[in-house]
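Here's the structure, in structure tokens; my notes come after.
There are 2 protein chains.
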Amino acid sequence: MLELNAKIIKIKTGEKSVILNETDAGEMMLHIHDRVSLKKDLQKIIAIVDVSDSMVERGEIGIYEDFLPFFAVSDGDAIELSVATPPPSVAFIRKKMKGGTLNKEELYRIVKDTVTHSLSELEVAAFLMAEQYVGMNMDEVEHLTRAIVETGRTIDFGETVVDKHSIGGVPGNKVTLLIVPIVAAAGLKIPKTSSRAITSPSGTADTMEVLAPVTFSLDALRKLLMDVGGYIAWGGSLNLAPADDLFIRIEHPLSIDPKAQMLASIMAKKLSVGVSTLVLDIPTGKGAKVEDFDTARALGNDFIELGRRLGIKVSCGITYGNQPVGHTVGPALEAREALLALTGKGPNSLIEKSTSLAGMLLEMNGVTPKGQGQAFAKDLLRSGKAYQKMQEIIEKQGGDPDVKPDDVPLGKLRYVVPAPIDGYVSSINNSAINAVAKAAGAPLCKGAGIMLHAKIGYAVKKGDPVLEIFSENEQSLKNAQMIALQRGAFVIEGMLLEELPGF
Amino acid sequence: MLELNAKIIKIKTGEKSVILNETDAGEMMLHIHDRVSLKKDLQKIIAIVDVSDSMVERGEIGIYEDFLPFFAVSDGDAIELSVATPPPSVAFIRKKMKGGTLNKEELYRIVKDTVTHSLSELEVAAFLMAEQYVGMNMDEVEHLTRAIVETGRTIDFGETVVDKHSIGGVPGNKVTLLIVPIVAAAGLKIPKTSSRAITSPSGTADTMEVLAPVTFSLDALRKLLMDVGGYIAWGGSLNLAPADDLFIRIEHPLSIDPKAQMLASIMAKKLSVGVSTLVLDIPTGKGAKVEDFDTARALGNDFIELGRRLGIKVSCGITYGNQPVGHTVGPALEAREALLALTGKGPNSLIEKSTSLAGMLLEMNGVTPKGQGQAFAKDLLRSGKAYQKMQEIIEKQGGDPDVKPDDVPLGKLRYVVPAPIDGYVSSINNSAINAVAKAAGAPLCKGAGIMLHAKIGYAVKKGDPVLEIFSENEQSLKNAQMIALQRGAFVIEGMLLEELPGF
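Below is the structure:
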């Protein structure tokens, strides 16, 4: 036990750490990331040690503003410091690291301690890395999912609500902007909260934002759903599954995506808003998140089983993921293409994919008999009913319902990548397409992105435009152009692939 | 690209991060841990994004003092911000995470970027976790070791120097305090730098510090070695393998100890001071770091092979690790016991272990023929030559050479744990012993620790003292006492282990 003088540091860090003078820490045998217990009168709190040789003098303890609501101290107050044992969740994380199986209570503690910042970022990272390498069984995934829901806010719309979700990984996947109005036009309630792009050139929320605002309070969303039957909003500010946001914040820089965490993350967000029926899009193909059918089927079955345990009816659509959906990538370009498709002028791949997934939802909810969902969805599209619903949604969300595809502003700077030879487009590189669109400025610059003038199987002549890059900044355009060439955004091959000289 | 106004934050963090206003970051699609490039006139630097809703206003960028030597800016200066790609080492870490093999250049970049803080703590954690789960082959371990040496300082003593090292894990392992004077008395040069305790109740440096100062400059160490032939110093301030210190800082809170990292860490520290011959102590037994002989042999062979590649002759001693070495745990208690052993009154286990390891070093360096090293070491001990050398070392390091074992002050508060029944000590729990000694205050309170009055195989009567706890603080003594009882520091069993009633 040791007495130090408080020094309030007017910074909010979001982490529960205190700062010790480097020499003091050395003498106390305390290391960065160790836990200490702070005591003043009857108040007691646990903190994680950080060390500095300039922020606090010897004999001082730096206390960030974050603590003050829980631990009322002023500059100069005497604080008793002692070494604290880590919370039990640290032992549970170690159990998983060593290959163990965690029970409901153990997973709940880990998730709870993540949300309350009682675990450090490094400890959460260890948990996620262990999930990645050790894996989890379905019981663990179920407990994890429920813990993520229980540690956040939940919404009860008081109605049966349906949803669609894509696990992501394929560029240009603007199907949500068609599925929501189709399904809502069929009379189902579809409260669609989406994310912004984390690693992709455009999240659904980014694309929808081109047409209307996407940030709403919970009450506003409730009213939107009752009035129109559907919305496309950003889910980020709703605090629905705060643990999940914290997990993603660590997964992203580590570039990991443990399967158990993906299952739990997606299903927790559905459970927290009371979704009863879910269609899950699993884009499958070279360069997508899932590359082969066996993996896609196994993943789909895991989602179905997890849904069964949680009381959510799940169907999965394994969809073609070898190349972008439709011809555009980037918020404005995608919003435009979605509007075109809603008014009967969109590309086939986009319409086929959207109506087949929407059709599954219609069948699952008894709107049509089995086998007739897609045809019904196409009818709603052709008849203009889906477009009319989308106009309603745009209007109620505060956008201009009469916006025409051509009204959507695109990046003014353009660069066309031509076919280098006569031949056929034999492949398109999803990850290069994403990289080019991001380099061009998407999703930050709404008008930046890519238009594909040719897709797999198209015959092209040398010099024909294959890829068009849109940007609003010279340097970004140049970077995007360079990446398109360096990374080989597409491959053109003749019919003759190899010549075997016989003489 | 975006322009923000610099706001200097008078804090040194040791991390290369800048702070963006939360709303700004959201609009720029920047997330915590993303990398950005900062530009002012001709200066350019890469930083990692942190986000705050209180430290910086919108339009500001918070720049820690750490940056100023590399990036000269003042409050209010306009800084151009753009998204930066991560250093190539991030891709190399991902390669290892996916099970790949890293080459020399790739490992060098990872280590170099760790030392320059170009990798975030999370990225370094991902590397270490991948090492733990994916593993590394011997080529990779060699490259890693050399990279750790090349990114730090090296010492050339201009002489052949030998060393001993224990991989740790067994309490009370004060053998270094015997081996160094024995080996130096035999005419070899042994520049022993040790660590302080990280998770144990006493590191060798903590124990030696009871007898003499242990912190020296490089020049002072060089002089000590020339004058006396050996020293026992703290290696922490010498910047010999800074990468290793940073790796340990992450491994410790994660409770991981990847084998490749252990090999590289130990051997890098030897290579950096030009050790030519090394005896490695691998304590093996229940509750030690290595629990069985097969694992110990495999690990020993890895050290020998790595040594061969680095030009260091390594021999390994697989030693008895089922219970503490000698009878004491804790800095003062151990220093006392070492002095007793040097003056002919120490416990057998300590003398046997120390002389056998010292003997191996003598044989490896041709001081004695093969098979006669231990006898020679025992002679040096019995004749008082080793003690005389230790007195010289203590004196030259600034301690009192005439200190007697009884002069070493011990914790004044004591608690004796008695045998609960008549019987034999059948086991001693190493990790419980460590926990009790730490709870009692070791290594921070030099006098805190444990004395074992009985060890495995001893016959005891109910009420006989088995374990004695030393402390300088009532509360610590109580905690230690509670842990001793709860965790079962020892087991006493009668000869009759089970009764099978037949009637």
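So the protein lines, in turn, are chains A and B. According to my numbering, the first sequence is numbered sequentially starting from 642. According to my numbering, the second sequence is numbered sequentially starting from 642. Even glycine gets a Cβ: it sits at the ideal position worked out from N, Cα and C. Computed from a predicted model, the values in this text were never measured in an experiment.
From the DSSP output, read off the bridge partner residues of residue i.
i	result
residue 872 (chain A)	A:832
residue 662 (chain B)	B:693
residue 1055 (chain B)	B:1111
residue 804 (chain A)	A:919
residue 684 (chain B)	B:681
residue 812 (chain B)	In DSSP, residue 812 (chain B) forms no bridge with anything.
residue 1092 (chain B)	B:969 and B:1109
residue 1068 (chain A)	A:1132
residue 924 (chain A)	A:960
residue 702 (chain B)	B:647 and B:661
residue 722 (chain A)	A:643 and A:679
residue 954 (chain A)	A:918
Within the same chain, show all residues whose beta-carbon is closer than 6 angstroms to that of residue i, passing over the 5 residues directly before and after it, in chain order.
i	result
residue 1057 (chain B)	1106 and 1109
residue 945 (chain A)	955
residue 818 (chain B)	979
residue 1054 (chain A)	1112 and 1118
residue 753 (chain A)	792
Within a Cβ cutoff of 7 angstroms, which residues of the same chain sit near residue i, ignoring the five residues on either side of it in sequence?
i	result
residue 663 (chain A)	692, 693 and 694
residue 1021 (chain A)	823, 826, 827 and 1027
residue 1006 (chain A)	803, 829 and 918
residue 1011 (chain B)	1004
So, using beta-carbon positions, are residue i and residue j closer together than 7 angstroms?
i	j	result
residue 939 (chain A)	residue 786 (chain A)	no
residue 1068 (chain A)	residue 1132 (chain A)	yes
residue 1030 (chain B)	residue 874 (chain B)	no
residue 687 (chain B)	residue 678 (chain B)	yes
residue 843 (chain B)	residue 975 (chain B)	yes
residue 791 (chain B)	residue 950 (chain B)	no
residue 1121 (chain A)	residue 1095 (chain A)	no
residue 967 (chain B)	residue 988 (chain B)	yes
residue 920 (chain A)	residue 991 (chain A)	no
residue 958 (chain A)	residue 933 (chain A)	no
residue 728 (chain B)	residue 759 (chain B)	yes
residue 649 (chain A)	residue 716 (chain A)	yes
residue 810 (chain A)	residue 929 (chain A)	yes
residue 994 (chain A)	residue 960 (chain A)	yes
residue 901 (chain A)	residue 789 (chain A)	no
On the criterion of 16 or more Cβ atoms from any shown chain inside 10 Å, does residue i qualify as buried, or is it exposed?
i	result
residue 812 (chain B)	buried
residue 1214 (chain A)	Nothing can be reported for residue 1214 (chain A): it is not among the residues displayed for chain A, which extend from 642 to 1144.
residue 801 (chain B)	exposed
residue 1123 (chain B)	exposed
residue 696 (chain B)	buried
residue 1000 (chain B)	buried
residue 1041 (chain A)	exposed
residue 1090 (chain B)	buried
I need the DSSP call for residue i, collapsed to helix, strand or coil.
i	result
residue 675 (chain A)	coil
residue 917 (chain B)	strand
residue 611 (chain B)	An answer regarding residue 611 (chain B) cannot be provided, because it is not within the stretch 642 to 1144 covered by chain B.
residue 1119 (chain A)	helix
residue 1042 (chain B)	coil
residue 857 (chain B)	coil
residue 1013 (chain B)	coil
residue 935 (chain B)	helix
residue 897 (chain B)	coil
residue 646 (chain A)	strand
residue 1062 (chain B)	coil
residue 760 (chain B)	coil
residue 1075 (chain A)	helix
Between residue i and the rest of its own chain, which residues show a CB-CB distance below 8 angstroms, the 5 nearest in sequence each way excluded?
i	result
residue 1044 (chain B)	852, 980 and 1035
residue 897 (chain A)	769, 770 and 773
residue 895 (chain A)	766, 769 and 770
residue 798 (chain B)	830, 832, 863, 866, 914 and 915
Name, please, each residue of chain D whose Cβ falls closer than 7 angstroms to the Cβ of residue i.
i	result
residue 735 (chain A)	The structure shown contains no chain D; its protein chains are A and B.
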